[in-house]
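Numbering (this note's numbering), first residue to last: 47 to 160.
Notes for the one structure printed next.
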């Protein structure tokens, strides 16, 4: 029984009045200079923002920070197997192993007295 009413409602699309359209157009024209002023405002922190944009945004910056922290961690406290694996990878013998020229300056975080 209601199907005929639904069909009639779908066939007729309401059109906005001319008065409404003129008011919407007036409001849009009044808002345009304000949006133009916002676009021409000086950018604060332009160098930092340009760097973030060049790197790829915050997700890429998070990856760079993670890689930096991991590299710092491996540089300060390398795992015990790392020197042996490096020698095997580079094909060096034990005689050409690099020597720590300043062993007292290590960052090994041990509790032993020097």
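Each residue gets a CB set at the ideal place from its N, CA and C atoms; glycine is no exception.
Quick check on the DSSP output: the alpha helix (DSSP H) that includes residue i runs from which residue to which?
{"i": "residue 106", "result": "104-122"}
{"i": "residue 92", "result": "92-101"}
{"i": "residue 126", "result": "Careful: residue 126 lies outside any alpha helix (DSSP H) and carries neither H nor E."}
{"i": "residue 50", "result": "49-57"}
Looking only at its chain, what residues have a beta carbon closer than 8 angstroms to the beta carbon of residue i, apart from the 5 residues adjacent to it on each side?
{"i": "residue 104", "result": "98"}
Beta-carbon within less than 7 angstroms of residue i's beta-carbon, same chain only, minus the 5 sequence neighbours each way: which residues are those?
{"i": "residue 49", "result": "none"}
Excluding the five sequence neighbours on either side, which residues of its own chain have a C-beta within less than 6 angstroms of the C-beta of residue i, listed in chain order?
{"i": "residue 127", "result": "none"}
For residue i, verify whether its CB is less than 7 angstroms away from any heavy atom of the ligand GTP.
{"i": "residue 116", "result": "Ligands are entirely absent from the displayed structure, and the ligand GTP is therefore not among its contents."}
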